[in-house]
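Quick note on numbering that gives the first Met the number 0: the sequence shown kicks off at 0 and runs consecutively.
From the three backbone atoms N, C-alpha and C, an ideal C-beta is built for every residue, glycine too.
Bear in mind that the values here come from a model prediction, so they are computed numbers and not experimental data.
What follows is one structure encoded as structure tokens, with my remarks underneath.
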Amino acid sequence: MLGKNVKIEVFGTLAENKLYTGFIVGKYRTDMRSVYIITDHPIEGMVDCTVIAIASAQNRSQTRLIAAPLNEIYYEPDIRLRLSRVSSKFEKLICMYEKSCGAVVYRTTRNDGIRILLVKNHNGKCWTFPKGHIEANESEKQTALREIKEETGLTVTIEPNFRQTSLYRPFGKIKKYVVFFLARANESVVSMQQSEIDYYLWVSIDEAMKLCSHENDTKILSEVRKRLCADKTTV
């Protein structure tokens, strides 16, 4: 059902009018299935929605579909927060939309010039940049700073006026939205998070372009090159 467009008959409202209850309308009245609807706008009657998440108890004894009106996007922290206001039994959540934030981390050396940090995590086969899922009440930059610190041990300074995004589907219906900033490392010694990161490298921009196999990453590196080569204070 994840990602499916459905018609929902709104039944009532919960959680300060940001979580509604309703029924997915099937071919017959007996086909109707209960669902929660997440939205920041008042709704009533019949509403066209997309199933954006599936919530279940730890033992999967109970599940509940989570929907949102068409073209409204909500991420896991917000969905969990709203569900927590009405029930604590839904511990597992599979979401259609995922959001991560990170940064292209760089440092400058007297002999080698600009060096870019690449990491390879347990679940990935490719070199990429440090990043991670956004958490409740975090800004994008706060998420990036936290994830970089957790994964690499580095303290960094995020450069102003640089924000690149990419959208891809790693698993079927799931849509992953990633925000990358540009960040200067305030130190060079990397302390890998063993539970997340297998390897890391400091490489030139040219080497990073060759090692990164995803087109989205190489496009971001192209923008990094433009920025760093244009900024005479970094070279």
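Neighbour-count burial assignment, residue i, 16 or more Cβ in a 10 Å radius
i    : result
M0   : exposed
M45  : exposed
S99  : buried
V85  : exposed
I65  : buried
A67  : buried
E90  : exposed
K130 : buried
Closest residue to residue i among the options (Cα-Cα distance)
i    : options                  : result
R63  : L69, N70 and S55         : S55
L116 : Q141, I93, L181 and E158 : L181
F10  : M208, K130 and S33       : S33
V24  : T217, V5 and K225        : V5
R106 : H121, V188 and L82       : V188
I7   : K17, Y35 and L13         : Y35
Coil, strand or helix - residue i by DSSP
i    : result
S138 : coil
S86  : coil
D197 : strand
C211 : coil
I133 : coil
T29  : With a pLDDT of only 48 at T29, under 50, the local geometry of the prediction cannot be trusted, and the value read off the model is given with reservation. Helix, per DSSP.
L116 : strand
S190 : coil
S203 : coil
C228 : helix
Anticipated Cβ contact below 8 Å, residue i with residue j, distance rounded
i   : j    : result
T49 : L80  : Actually they do not touch by this definition, with Cβ atoms about 20 Å apart.
Y96 : I133 : Between I133 and Y96 the Cβ distance is about 11 Å, and since that is not below 8 Å, they are no contact.
Complete runs of the beta strand (DSSP E) confined to the stretch 162 to 188 [at least 3 residues]: Runs found: 174 to 184.
Unbroken stretches of the beta strand (DSSP E), 3 residues or longer, contained in the stretch 33 to 76: DSSP runs (the beta strand (DSSP E)) wholly in the stretch 33 to 76: 45 to 55 and 62 to 68.
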